[in-house]
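Residue numbers (the working numbering): 4 to 129.
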């Protein structure tokens, strides 16, 4: 029996499921999710995967931007809209930016975030 315990102890840890990557509490998706929910969420929250997917898509469409850049652009746009008295959430901002008809036509995404913020401040739809 002791030999079996030693073998189990020496066994490699189970492989991580690639469909459930470990996401750091300092990652952009975790920070965006905390803003969206209004509290520090658990890693099991499905919203985390949604934000991770948004950032994956935007990172592919705008190769000059890192995930951190995209998270920062989202937060900057959110602060600007809230300062103007406009209700906004990270989820809505990312969804609107991804839905722009010319998304993917540039190397860098900041213009899309700026256009979305300007449209909302001008009274346009979310």
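All C-beta atoms in this analysis are idealised placements derived from N, C-alpha and C, irrespective of residue type, glycine included.
Across the set 90, 27, 54 and 77, the C-alpha of 90 shows the shortest separation from the C-alpha of residue 126. Per the Cβ contact rule, the segment 42 to 53 is not in contact with the segment 65 to 74 (fewer than 3 Cβ pairs under 8 Å). Cβ contact annotation for residue 38 (same chain, cutoff 6 Å, sequence separation greater than five): 93, in chain order.
Of the residues 49, 108 and 119, the one whose Cα lies closest to the Cα of residue 98 is 119.
Residue state for residue 39 is assigned as helix, using DSSP reduced to three classes. According to the DSSP assignment, residue 82 belongs to the alpha helix (DSSP H) that extends over 70 to 86.
DSSP, reduced to helix, strand and coil, places residue 92 outside both helices and strands of the structure shown, so it counts as coil.
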